[in-house]
Amino acid sequence: MNIVKLIIGIFTMLLISACAQNVDTAYQTNDDNGTRLNANRNARVVKDDANIDRASSQNPNFINIAGNGRSTGQDIDKARQVIKSSTKYQPGEVWINGPNMWVTVYQKEKLSQKEKIHAEARVHKILTRALPRYNIEVKVREDRT
């Protein structure tokens, strides 16, 4: 009985030790003599995703996963800059929620309803050219200050 246990134990040890052979070169850290570590290899750090095509930065409708794209704050600043440089109106509140942008612009003089609609269409056209990824709603209001 003891001999059977001994033989089974030896067989189990042989089986386990045979399965634990790491022949992969990543595990071989010794040189040919088996004494010194090869710690000074000419290892080159390679960025794994360096050659991946960043489609998310090409299409404004994709979610930005790169972390270097435009933020809503930059888009708000761009909308205000476009209004100041391309129109006679003063930019007001700019709100962004998902794909929608709401913009309020102020004018010093009073406008008729027809002129107001025309001014909103003009500002809408200019902002859509500058920021095509948003559905833009424009309101023109009289500045009462």
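Numbering (mature numbering (1 follows the signal peptide of the UniProt record, and there is no 0)), first residue to last: -20 to -1, 1 to 125.
For glycine and all other residues, C-beta sits at the position ideal for the given N, C-alpha and C.
This structure is a prediction, so every number in the text was calculated from the model and none was measured.
Just list the residues that DSSP pairs residue i with in beta bridges.
i, result
"Asn115", "Asn80"
"Arg121", "Tyr86"
"Val74", "Val83"
Rounded to whole angstroms, how far is the Cβ of residue i from the Cβ of residue j, which I believe are closer than 8 Å?
i, j, result
"Lys119", "Glu100", "7 Å"
"Lys68", "Leu111", "Contact doesn't hold; Cβ gap of about 20 Å is too wide."
If we call anything under 9 Å between Cβ atoms a contact, is residue i one with residue j?
i, j, result
"Ile63", "Gln70", "yes"
"Glu122", "Met81", "no"
"Val83", "Glu95", "no"
"Ile106", "Ser66", "yes"
"Pro79", "Arg113", "yes"
In terms of residues, what are the limits of the alpha helix (DSSP H) holding residue i?
i, result
"Thr67", "Where Thr67 is concerned, there is no enclosing alpha helix (DSSP H), given that its DSSP letter is neither H nor E."
"Leu91", "Element bounds for Leu91: n/a, residue is neither H nor E."
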